[in-house]
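Q: Before I ask anything, let me first share the structure, which is written out below as structure tokens.
2 protein chains.
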Amino acid sequence: MGLTKSEIFTDEQNQLSQLLKAMAHPARIAILQRILISNTCICGDLVEELGLAQATISQHLKELKTAGLIQGTIEGVSVCYCINPVTWKLMEKQLGAFLSAYKGEAHCC
Amino acid sequence: MGLTKSEIFTDEQNQLSQLLKAMAHPARIAILQRILISNTCICGDLVEELGLAQATISQHLKELKTAGLIQGTIEGVSVCYCINPVTWKLMEKQLGAFLSAYKGEAHCC
DNA sequence: TATATTAATCGTATTATTGCAATGTATTAA
DNA sequence: TTAATACATTGCAATAATACGATTAATATA
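Residue numbers (my numbering), protein chains in the order written: chain E, 2 to 110; chain S, 2 to 110.
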């Protein structure tokens, strides 16, 4: 108990839930929005802009990276993050299919 | 510590993260997909179809309901769930705007 | 009324998440 | 070489999430 039973769900369901979980935190949404707005790589100015400690930001970045939503490269002494196009488009597709499956016709409740 | 600092983020960021969190579990994705496929209300056959205990399913349904993604009405002895159109469309819009903010041009990392 | 049926709720054990101070690790600059 | 800069990691404490057995509440049926 206390552990998600991944084995009883499909790979697609598990994969989508992982991506959603990675985004399901206001700090990580803020980070992604910040990356999207600048449209180019950003470095560690996130710590100043968001009101969280450096260790906390670093941890959120790691989660986004582990989920494959962003990628980072070392740029001298700092690190440069940007969107991972492959995963981002995959998610756009999967989520789009999922959300648009609702045809608002038959309201029954 | 251990508590998300909602107060430092915008209402939109908090709202979107709440919706995403509500969906970010394979069981809840499976439940939503089941509701979407049948296009009409379904009741407690979820317990048989997914491999989870009745208490667990009920809890997941409650979370989806609290997030506003589904709604339920009592139908005799059973309960009938379906998509909440208002929240669903709100999420489609918000998520769509968020995801499509990425223009895959400037790859820099 | 008594008894199923259906689903919500409670209690509990286990695991995950969040946040941060402290520390570690490279890289750059002096 | 030494000091500074920029992040990553580690370790810890607090809170949240997951899952389920047991119980409760409400409705339907015999």
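Each residue gets a CB set at the ideal place from its N, CA and C atoms; glycine is no exception.
(1) Name the residues in the stretch 64 to 89 of chain S whose C-beta lies less than 8 Å from a C-beta of chain E; which are they?
(2) Hey, does Q95 (chain E) have any beta-carbon neighbour from chain S nearer than 8 Å?
(3) Could you round the C-beta distance between L96 (chain E) and L100 (chain S) to whole angstroms and report it? I think they count as a contact, below 8 Å.
(4) Applying the criterion that 16 or more other CB atoms from any shown protein chain within 10 Å of the CB defines a buried residue, is L62 (chain S) buried or exposed?
(5) Do L4 (chain E) and M24 (chain S) come within 8 Å of each other at the CB atom, strictly closer than that value?
(6) When the cut-off is 8 Å and only beta carbons count, does L17 (chain S) lie next to chain E?
(7) Just mark I38 (chain S) as buried or exposed, buried being the case when its beta carbon has 16 or more other beta carbons within 10 Å.
(8) With DSSP as the reference, label G73 (chain S) as helix, strand or coil.
A: Judging by the given coordinates:
(1) Q72, G73, T74, C81, Y82, C83, I84, P86 and W89
(2) no
(3) 7 Å
(4) buried
(5) No, Cβ-Cβ distance for M24 (chain S) and L4 (chain E) is not below 8 Å.
(6) yes
(7) exposed
(8) strand
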